[in-house]
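Q:
There are 2 protein chains.
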Amino acid sequence: MSAVLMSTETAFVARQSIEQVEEGTLLAPKFGPDGLLPVVTTDVVSGEVLMMSVMNETALLRTIETGEAHYWSRSRQTLWHKGATSGLVQKVVEIRIDDDQDAVWLRVEVAGGASCHVGYRSCFYRAVVTPPSSRPVALAFTETQKVFDPQRVYGDAPNPTQL
Amino acid sequence: MSAVLMSTETAFVARQSIEQVEEGTLLAPKFGPDGLLPVVTTDVVSGEVLMMSVMNETALLRTIETGEAHYWSRSRQTLWHKGATSGLVQKVVEIRIDDDQDAVWLRVEVAGGASCHVGYRSCFYRAVVTPPSSRPVALAFTETQKVFDPQRVYGDAPNPTQL
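Sequence lines, in order, name chains A and B. In terms of my numbering, the first sequence has 37 at position 37, counting the first letter as 1, and numbering is strictly consecutive. In short: position in the second sequence from 1, add 1000, done, that's my numbering.
1. Between which two residues does the beta strand (DSSP E) carrying Glu68 of chain A extend?
2. Would you report the Cα separation of Pro1150 of chain B and Gln1090 of chain B, rounded to the nearest angstrom?
3. Report yes or no: is there a C-beta of chain A within less than 8 Å of the C-beta of Gln1090 of chain B?
4. Determine, using beta carbons only, whether Ala28 of chain A and Val40 of chain A come nearer to each other than 8 Å.
5. Can you find the residues in the same chain that come closer than 7 Å, C-beta to C-beta, to Val4 of chain A, ignoring five residues on each side of it along the sequence?
6. Mind listing which residues of the region 1083 to 1114 of chain B have their C-beta closer than 8 Å to chain A's C-betas, in chain order?
7. Anything in the region 35 to 50 of chain A with a Cβ closer than 7 Å to a Cβ of chain C? List those residues in chain order, please.
8. If distances are taken between C-alpha atoms only, which option among A:Ile64, A:Gly47, A:Ala69 comes closest to Ala11 of chain A?
9. Of all the CB atoms in chain A, is at least one closer than 8 Å to the CB of Val1147 of chain B?
10. Assuming Cys1123 of chain B and Leu1050 of chain B form a contact by the criterion Cβ under 8 Å, report the distance between their Cβ atoms to the nearest whole angstrom.
11. Reducing DSSP to helix, strand and coil, say where Leu1079 of chain B ends up.
12. DSSP beta-bridge partners for Arg1107 of chain B?
13. Pro1132 of chain B: buried (16+ other C-beta within 10 angstroms of its C-beta) or exposed?
14. Report the option in B:Trp1080, B:Ser1115, B:Gln1101, B:Arg1015 whose CA atom is closest to the CA atom of Thr1058 of chain B.
15. Decide if the region 145 to 162 of chain A is in contact with the region 111 to 129 of chain A; the criterion is three or more beta carbon pairs, one per stretch, under 8 Å apart.
16. At the level of alpha carbons, what is the spacing between Glu19 of chain A and Gln101 of chain A?
17. Beta-carbon of Gln1077 of chain B versus every beta-carbon of chain A: anything under 8 Å?
18. Check whether the Cβ of Glu57 of chain A lies closer than 8 Å to any Cβ atom in chain B.
19. Does Ala1140 of chain B come out as helix, strand or coil in the three-state DSSP assignment?
20. Using a C-beta to C-beta distance shorter than 8 Å, which residues of chain A count as neighbours of Thr1010 of chain B?
21. Verify the CB distance criterion: does His117 of chain A have a CB-CB separation below 8 Å to chain B?
22. Would you identify the three-state DSSP class for Phe148 of chain A, choosing helix, strand or coil?
23. In chain order, what residues of the same chain have a beta carbon less than 6 Å from the beta carbon of Arg96 of chain A, not counting five sequence neighbours either side?
24. Please classify Met1 of chain A as buried or exposed, where buried requires at least 16 other C-beta atoms within 10 Å of its C-beta.
25. For a cutoff of 8 Å on Cβ pairs, would you count Ala1069 of chain B as touching chain A?
26. Within its chain, find whatever has a CB closer than 8 Å to the CB of Val93 of chain A; leave out the 5 residues flanking it on each side and keep chain order.
27. By alpha-carbon positions, which one of A:Thr66, A:His70, A:Glu48 ends up nearest to Met55 of chain A?
28. Using the beta-carbon of each residue, which ones in chain A are nearer than 8 Å to Phe1031 of chain B?
Here it is in structure tokens:
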């Protein structure tokens, strides 16, 4: 873990050709017009998808340098060190980048075994019921028990889910 | 597989409360201002993340109804039946939705064993080299061999990677 964070200018290289971006061995990430790129986070042991989120440049660099997952919180409009409130820190085992370098895959170990603010292990705790012929489309729970009580962990903090 | 596709009005329910969205058993997806939601696709056998993409309402409904992955192609601005060109169709085994129903996780079987237009099994074929202290940040290949030759499969079709 580095105490002094380096600037994004030194960390990332410019995108100069498709071949360089797709087949090169230097990080040249492409952030969207909003300055963000999507991130998927999986549990390194179970392989389960835990959550999908976004990173800005600082969050990506902080994740690389500290080995703990940092995201950009759109609901709070701030850098988000995952687990800072709940204690459920995500320790990064591997950081993957995709072909055109505009998406990140984090493989993590989760302290406490849960990553979802609702209290479940994964944010993806429901599946579309198959065969999916009924309307409206029905969901079934894939996790039957919460790992923690969100009221106890987050108290009166605002719920990030928005209608 | 249904020949007649149903409208999104009958398929999805309105979002009326946080409790309904987070703990309910009916699909009430939230598409962004651009009409899209992010999707992560994993290989049901290896658990590996194959790709990240987006869906609009039609792509989501088409995926549910046909059992084959459909996305929205931002580079081509069209509904994208994955594998229509390459033959590498993704057969959907499970469709998960996240807590606030604004992200989808597809667990799929891939015909031909590859999902990346560059020719690799996964789009995430490179990882950040650890410890990541050198600058610029270096990448290492996690796949050493392509599954197919993109030139042979796609010919002169435009490369979706954009600088």
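Cβ coordinates follow ideal geometry from the N, Cα and C atoms, glycine included. Keep in mind it's a predicted model, so treat the numbers as computed, not measured.
A: Taking the coordinates as given:
1. Careful: Glu68 of chain A lies outside any beta strand (DSSP E) and carries neither H nor E.
2. 18 Å
3. no
4. no
5. Residue confidence is low: Val4 of chain A scores 48 on pLDDT, short of 50, so the model does not pin down where it sits. Its coordinate-derived value is still stated next. For Val4 of chain A, where only same-chain residues beyond five positions count, there are no Cβ hits under 7 Å.
6. Glu1094, Ile1095, Arg1096, Ile1097, Asp1098, Asp1099, Asp1100, Ala1103, Trp1105
7. Although the question refers to chain C, the structure presented lacks it and instead comprises the protein chains A and B.
8. A:Ile64
9. no
10. 7 Å
11. strand
12. B:Thr1042, B:Glu1094
13. buried
14. B:Trp1080
15. yes
16. 12 Å
17. no
18. no
19. strand
20. Arg135, Pro136
21. yes
22. coil
23. Trp105
24. Since pLDDT at Met1 of chain A reaches only 41, below the 50 mark, its modelled position is unreliable, and the value read off the structure follows with that caveat. Exposed: under 16 other Cβ atoms inside 10 Å.
25. no
26. Val44, Arg107, Val108, Glu109
27. A:His70
28. Near Phe1031 of chain B there are no residues of chain A at all, since even the closest Cβ is about 13 Å away, more than 8 Å.
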